[in-house]
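Below is one structure, written out as structure tokens; the observations come after it.
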Amino acid sequence: MKVKCLLVDDEPLAIQLIKNHLGNLDSFEVVASCSNAVKALEVLRSTQVDLLFLDIKMPKISGLDFLKALKNPPAVIITTAYREYALDGYELDLVDYLLKPITFDRFFKAIDRYLRRSAVISQAVQITDPQFLHIRACGKIHRLAVEQIIYIESMKDYLVFHLANQKIMGKYKIGDLEAEIQGNSFLRVHRSFLINTSKINSYTSTDVQIKGCEIPIGASYKEYVFKFLESSRLNK
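My numbering applies: residue 13 is where the sequence shown begins, and numbers increase by one.
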């Protein structure tokens, strides 16, 4: 099951930014967005919410007063332009306190804290068949055929598996995965990227084009990558 998120903010652009950030994480979904706490309360009474993104300064009731009034609140990440409420926020056992404008890098750190706290994603990428990876994400095990995977991207302690029509995130380190799938159609081209060599369209001196994406080639990987690419070209 996906992590169900409620966004509460009176600024439409702020709501849209969080939606965009969550759009990069396949294991999360927005179940509703509200411009004030009164509407948010109605959503919480009728809908399952796992994670609440909450602004502080809003009309009618502030985000902090709203949170204090909730008997059994979901996990909460504050999103605000005001630094001075941070201490009050942490006394409410928040997951994180994000200051606007919120970059994806900082947003992802907050998501990482949520995942660590809730153990929504537990470490597991299992390889029992060279043609498949078994990835545990959000309480489910995804059986992915190697041919489905376009590339794998590292984000700190997590890996994002990019497929044709979706992304799946699992808790794993790219170096450990590289060692396990070595010689299994994947090539490490950068400290943050493993690519499926069968999906390569073209390449330059700085990147590999793969299914419409430009994946950078890291400086320390260039010699090895170019040897592999040249050998592959000659063997065709």
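We treat Cβ as the ideally placed atom computed from N, Cα and C, and that holds for glycine.
Taking C-beta separations shorter than 8 Å and ignoring five residues to either side along the sequence, the partners of LEU156 in its chain run PHE144, LEU145, HIS146, ILE147, PHE173, LEU175 and ILE180, following chain order. Between the alpha carbons of TYR163 and GLN221 lies a distance of about 11 Å. Residue environment analysis places PHE238 among the exposed positions, since fewer than 16 neighbouring C-beta atoms fall within 10 angstroms of its C-beta.
Excluding its 5 nearest sequence neighbours in each direction, SER243 has no C-beta neighbour in its own chain below 6 Å.
For GLN221, the enclosing beta strand (DSSP E) covers residues 219-222. A residue is called buried once 16 or more other Cβ atoms fall within 10 Å of its Cβ, and ASN208 is buried on that count.
Residue environment for ALA26: buried (at least 16 other C-beta atoms within 10 angstroms of its C-beta). By the neighbour-count criterion, in which 16 or more other beta carbons inside 10 Å mark a residue as buried, GLU165 falls on the buried side. In this structure, the beta-carbon distance from ILE68 to ALA122 does not fall below 7 Å. Checking the DSSP bridge columns, you'll see SER74 has no partner listed. Per DSSP, reduced to three states, the secondary structure at ASN208 is strand.
In the DSSP assignment, ASP188 falls within the alpha helix (DSSP H) that extends over 186-193.
The DSSP-derived three-state label of VAL107 is coil. By the 16-neighbour rule on beta-carbons within 10 angstroms, LEU99 is exposed. The secondary-structure analysis by DSSP pairs VAL42 across a beta bridge with CYS17.
Bridge partners of TYR163 according to DSSP: HIS174 and ILE207.
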